[in-house]
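Everything on this sheet refers to the single structure shown next.
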Amino acid sequence: MMMNQYKSVLEFSKTEYVVEKSKFISHVKPVSNEEEALEFIEWIKKEYRKANHNVQIYSIKDKVQKYSDDGEPSKTAGFPVLEMLKNENITNVVIVITRYFGGIKLGKGGLIRAYTKSAKLGLQESKVINYIEVKKISLTYEYTLHGKIENFVMNEKDVHEINTEFYENVKKEIYVTIDRIEDFEKLLVDLSNNAIKTE
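Heads up, the final residue of the sequence shown is numbered 276 in my numbering, and it's a clean run with no missing numbers.
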C-alpha cells in the first residue's frame, strides 16, 4: 500500500450483537487525531455508564495505537480488536464496545470471538473505504499560461482542481496526492519556465 493511501471508516455507526444474553454494542467513528478519539470514548462512557464494560480501541495512522480491556480478562477484548485493525490496515478510527453482562460467562475464547465479531459488525456498518492523502496547493500565474496549465492539470491523474479565480493574474487551487507534490511542482516550473508561483 502506498504511503499516501490508507483504509478507514466513512461514518459513525452503532450496532448491537447478543451472545449468551450478553449485549455487545459497537460504536465506531472516523477520527483524525488522538484528542478526537479520547473525546468520543469519554462521551460513550458517560452515555453507557451503567454498562459492565466499555472496551476502547483506537488507531491513528502510524502514530498511536491503543486499547483498553476495561476490566475484561487481559487481552480478551480490546487487544484482539486492535490486532484485527492492524491486520486489515484500518486506521484513523475509534471503536468503543459496550457490554452488558447477561449472566453467562463466555470464557476467554468466547470473549475474543464476541468482541471481534462486534467490532467487525460495526466496521461493516461504518463502511471501510480507501482514503488518499492530498495537499492543497495554490498556483498563481499570468493569463498567457492559463491554457497550458489548465490542460496540464486536467491530464494529471493525481491532481484534482478545486477552484480557479481570475484577477490581475489567474489563481488556481488544486489538490495533489502527497507522494506526487515534489514531482508535480517541478513539472509546473518546467512547463511555465519558472513563471508560476506555488504556495
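For every residue, glycine included, the Cβ atom is placed at its ideal position computed from N, Cα and C.
Beta-carbon proximity list for residue i, same chain, < 7 Å, skipping 5 on both sides
| i | result |
| --- | --- |
| residue 78 | At residue 78, the pLDDT of 35 sits below 50, so the modelled position is not reliable; the number obtained from the coordinates is stated separately. Counting only Cβ-Cβ distances below 7 Å, and skipping sequence neighbours, we find 166. |
Cβ-based neighbour list, residue i, same chain, cut-off 8 Å, excluding 5 preceding and 5 following
| i | result |
| --- | --- |
| residue 260 | none |
| residue 153 | 146, 185, 188, 189 and 192 |
In DSSP terms, what residue i is bridged to
| i | result |
| --- | --- |
| residue 92 | 103 |
| residue 240 | 250 |
| residue 176 | 101 and 130 |
| residue 216 | 249 and 275 |
| residue 143 | 135 |
Rounded distance between the beta-carbons of residue j and residue i, thought under 8 Å
| i | j | result |
| --- | --- | --- |
| residue 129 | residue 83 | Incorrect: roughly 33 Å between the Cβ atoms, too far for contact. |
| residue 147 | residue 156 | Contact doesn't hold; Cβ gap of about 12 Å is too wide. |
Residue i: first and last residue of the uninterrupted alpha helix (DSSP H) it sits in
| i | result |
| --- | --- |
| residue 84 | That residue, residue 84, is in no alpha helix (DSSP H); its beta strand (DSSP E) goes 82-86. |
| residue 192 | 184-203 |
| residue 167 | No alpha helix (DSSP H) holds residue 167; DSSP gives it neither H nor E. |
| residue 118 | 111-124 |
| residue 263 | 258-269 |
N- and C-terminal bounds of the beta strand (DSSP E) containing residue i
| i | result |
| --- | --- |
| residue 151 | That residue, residue 151, is in no beta strand (DSSP E); it is neither H nor E in DSSP. |
Residues of its chain near residue i, where Cβ-Cβ distance is below 6 Å and the 5 sequence neighbours each way are ignored
| i | result |
| --- | --- |
| residue 238 | 230 and 251 |
| residue 111 | 137 and 141 |
Validate contact between the stretch 110-117 and the stretch 187-196 using beta carbons, cut 8 Å, 3 pairs: No, the stretch 110-117 does not touch the stretch 187-196.
| Is it true that the stretch 122-140 meets the stretch 226-238, where meeting means three or more beta-carbon pairs spaced less than 8 Å apart? | No contact exists between the stretch 122-140 and the stretch 226-238.
key: Inter-stretch contact (C-beta, 8 Å, three-pair minimum) for the stretch 169-185 and the stretch 96-108   = Touching, per the Cβ criterion.
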